[in-house]
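For reference, the structure is listed below as structure tokens.
2 protein chains.
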Amino acid sequence: MNIGAVERDTGLGKDTLRVWERRYGFPLPDRDDKGERLYPADQVARLRVIRRLMDQGYRPGRLLAASEAELAELSAPPVPVNATPLVENSLLLQTLALIRQHDVPGLRQTLEQAMMRQGLQGFVLNTIAPLNHAVGEAWTRGELEIFEEHLYSEQMQSLLRRAIGNLTQATGQPRIVLTTVPEEQHILGLLMAEALFALDGASCFSLGTQTPLLDIRMAAQAQTADIVAISFSAAFPARQMAPLISQLRTLLPENIELWIGGAGANRIPAQPGVILLCGLQDALSALANWRQKRAQPADGL
Amino acid sequence: MNIGAVERDTGLGKDTLRVWERRYGFPLPDRDDKGERLYPADQVARLRVIRRLMDQGYRPGRLLAASEAELAELSAPPVPVNATPLVENSLLLQTLALIRQHDVPGLRQTLEQAMMRQGLQGFVLNTIAPLNHAVGEAWTRGELEIFEEHLYSEQMQSLLRRAIGNLTQATGQPRIVLTTVPEEQHILGLLMAEALFALDGASCFSLGTQTPLLDIRMAAQAQTADIVAISFSAAFPARQMAPLISQLRTLLPENIELWIGGAGANRIPAQPGVILLCGLQDALSALANWRQKRAQPADGL
DNA sequence: CATTATTATTGTCTTGGACAAATATTCGAT
DNA sequence: ATCGAATATTTGTCCAAGACAATAATAATG
């Protein structure tokens, strides 16, 4: 596996891989006859573990110096016995079990029934959010593979899109353009927000994921949007978020609000002219807020 | 705009941008006080034009030496008057017009009606494929912005996912795992294939886009798949495809077939053990073929 | 104990060179 | 003149070692 393939597989940049080798002595790939790096499978596997733990908050220096055993220990920390808050939620456990068994039809049916029972809004607020969190957690603990996360994500995406499609297409206020920035490919947060906003009568225009910043501006202007809503997943690199957001804020006209949501939103420092939605409840109240402000324009700001 | 942002926005690698600067003198970015490259907006815009034309088949040496006027000429080649094959297809023109007007509800309704009229299979084979091609063409000519392509793609994706979801979940043979490789984010080709396969009674397990190769293998084994189907869009860098495919072929067990489809599939040299689907008709006949082969195992191979 | 200053960590950018795969072109033979 | 093989050019990716600034962790201070 050459360095480009490892970058694709682990999400770690080429520069990062080379500088780790220089500084920490790991990974230490073989070389082919032209002197280029060839990473053995076990080193790639270890890099994926390290990547997971970094997303959990561990620092590289610690992880790269750690022994095989230490990594395994960090991956599966001994769960404190007193904390068993999840047992009560049988749907959650059931879903995780279905994912692990790769039972796609069962997964689909279970989720569908849950949505029917709770209604779309309740499903989004009370089921999908904790479910996403649980799946992410399981992944960071190494209990789920990436492809299992993909299976889950695909089913949930299908379900949400079908539900959104079945809604009467709203034509009300406000008009919201939804998307993610380049390199952010997670769409579930976006779809959840779209479902909530659409249920509440707002006009939603989703661009899907990874729209260049210049195109976000063009789209907002073309749709005469009141709001641009951007979603960041928990996995998005924290150091890139702040500059990206302020650049986007500069690009957008002042009268268009910029809402930032998703699991990554709580790691962002507050910025003027940017509304952070830390949680889906915030999204609903922000929408109510916006309407109130429009109803009573004397309120100021 | 620094070099990382340009890489995101244009899809051109950092190394490529630097080597172009050295060899061709373009792009020639400003430098900040630490000596790092800062690309002005007009150079980024020109790079996006160049990227478009490269996807059309022009070579970098030509494009980077070209003047502003030449680029404009290549972008909008004088259409030969005799060739007007598209006029007959009013749905196509109507759809393009709706995209340009950013009329999302109209777009959605038009596509939905077309699908109802033709049925899912006819819609996929006779409408979506030429529509995708037309949208891609319009984009390469600079007539559509990226965000307009996103709008179209989102609507089509919703429509297809709803249609697939409404099918009775098939449990027949063969069992097919569908996905794309990392860095390939276009999903429409995958959904079209899934629709056709599912209509024909195959069991489909879609992983969505960008699954690491190791996870593709794990998924195929977990689902006891007969076939792994990978989609490449026209925009995928040609030089990466062949090594990626042969690496995947090595990873997969021999009894699992590897099918490669999508608009980019016709630029791939034939490889043993890999079945290239150049067009959606090929997909259907490959499926028929597979079944025939299983029915008459004496056929050999 | 809270807050500020210092030190360590870490990702990304820099240069200029090298090489091989892909593509174009030339040459020779039928 | 046309096809195929041999040669030349183009082009993306990789390498090395160094530098810097932003972040996080630690020490020093009120």
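Chains G and E, in that order, are what the protein sequence lines are.
As numbered in this note's numbering, residues 2 to 302 make up the first sequence, in order.
As numbered in this note's numbering, residues 2 to 302 make up the second sequence, in order.
Every residue gets a Cβ at the ideal spot worked out from N, C-alpha and C, and that includes glycine.
Check, Outcome
"Going by CA-CA distance only, name the one from G:Q110, G:L160, G:R176 that's closest to L189 (chain G).", "G:L160"
"Within its chain, find whatever has a CB closer than 8 Å to the CB of K15 (chain E); leave out the 5 residues flanking it on each side and keep chain order.", "I4, G5, E8"
"From the DSSP output, in three-state form, read off G209 (chain G) for me.", "coil"
"In the structure shown, what three-state DSSP assignment does D227 (chain E) receive?", "coil"
"How is the alpha helix (DSSP H) around R176 (chain E) delimited, first residue to last?", "First-last for R176 (chain E): 173-180, but that is the beta strand (DSSP E), not the alpha helix (DSSP H)."
"With H, G and I counted as helix, E and B as strand and the rest as coil, what does DSSP make of R268 (chain E)?", "helix"
"Between T251 (chain G) and chain E, is there a C-beta pair that is closer than 9 Å?", "no"
"Report the rounded CA-to-CA distance for A230 (chain E) versus G262 (chain E), giving the unit in angstroms.", "7 Å"
"Do A199 (chain E) and I165 (chain E) have their CB atoms nearer than 9 Å?", "yes"
"Does the beta-carbon of L29 (chain G) have 16 or more other beta-carbons within 10 angstroms, so that it is buried, or is it exposed?", "exposed"
"Can you check whether the C-beta of G166 (chain E) is within less than 9 Å of a C-beta belonging to chain G?", "yes"
"For Q222 (chain E) and I228 (chain E), what's the separation of their Cα atoms in angstroms?", "10 Å"
"In chain G, which residues lie with their C-beta within 9 Å of the C-beta of F198 (chain E)?", "Under the 9 Å cutoff, chain G gives no residues; its nearest Cβ is about 14 Å from F198 (chain E)."
"By Cβ distance, which residues of its chain are closer than 7 Å to L121 (chain G), with the 5 residues on each side in sequence left out?", "A164, A196, L200"
"Put G190 (chain G) into one of helix, strand or coil per three-state DSSP.", "helix"
"Quick check: what's the CA-CA separation for G265 (chain G) versus Y59 (chain G)?", "17 Å"
"How would you label P183 (chain E), buried or exposed, when you count the other beta carbons within 10 angstroms and need 16 or more for buried?", "buried"
"When you compare only the Cα positions, how much space is there between L94 (chain E) and Q272 (chain G)?", "44 Å"
"Identify each residue in the segment 102-119 of chain G for which the Cβ-Cβ distance to at least one residue of chain E is less than 8 Å, and report them in chain order.", "H103, V105, P106, R109"
"Checking 9 Å against the spacing of the C-beta atoms, do L252 (chain G) and L215 (chain G) come in under that value?", "yes"
"So, T96 (chain G) versus L145 (chain G), is the Cβ gap smaller than 9 Å?", "no"
"Considering only the alpha carbon of each residue, which of G:L245, G:A220, G:L285, G:G280 lies closest to Q102 (chain E)?", "G:A220"
"To which residues does DSSP link R32 (chain G) through a beta bridge?", "G:R38"
"Quick one: measure Cβ to Cβ for A171 (chain E) and G202 (chain E), integer angstroms, because I've assumed they're closer than 8 Å.", "5 Å"
"With a cut-off of 9 Å, does the C-beta of E144 (chain G) fall near any C-beta of chain E?", "no"
"Distance, Cα to Cα, A289 (chain G) vs R176 (chain G)?", "14 Å"
"Taking Cβ positions, are S207 (chain G) and T225 (chain G) nearer each other than 9 Å?", "no"
"Quick check on DSSP: helix, strand or coil for H261 (chain E)?", "Per the sequence shown, residue 261 (chain E) should be read as Ile rather than His. Three-state result, I261 (chain E): strand."
"For I276 (chain E), report the span of its beta strand (DSSP E) as first-last.", "275-277"
"Step through the CB atoms of chain G and report whether any lies within less than 9 Å of the CB of R9 (chain E).", "yes"
"With 9 Å set as the bound, which would you pick, yes or no: does the beta-carbon of Q95 (chain G) sit closer than that to a beta-carbon of chain E?", "no"
"With S76 (chain E) and V50 (chain E) assumed to form a contact (beta carbons below 8 Å), what rounded beta-carbon distance in angstroms separates them?", "6 Å"
"Does any CB atom of chain E fall closer than 9 Å to the CB of D201 (chain G)?", "no"
"Taking Cβ positions only, does G263 (chain E) come closer than 9 Å to chain G?", "no"
"Does the beta carbon of V182 (chain E) sit closer than 9 Å to a beta carbon anywhere in chain G?", "yes"
"When you compare the CB of I246 (chain E) with every CB in chain G, is at least one pair closer than 9 Å?", "no"
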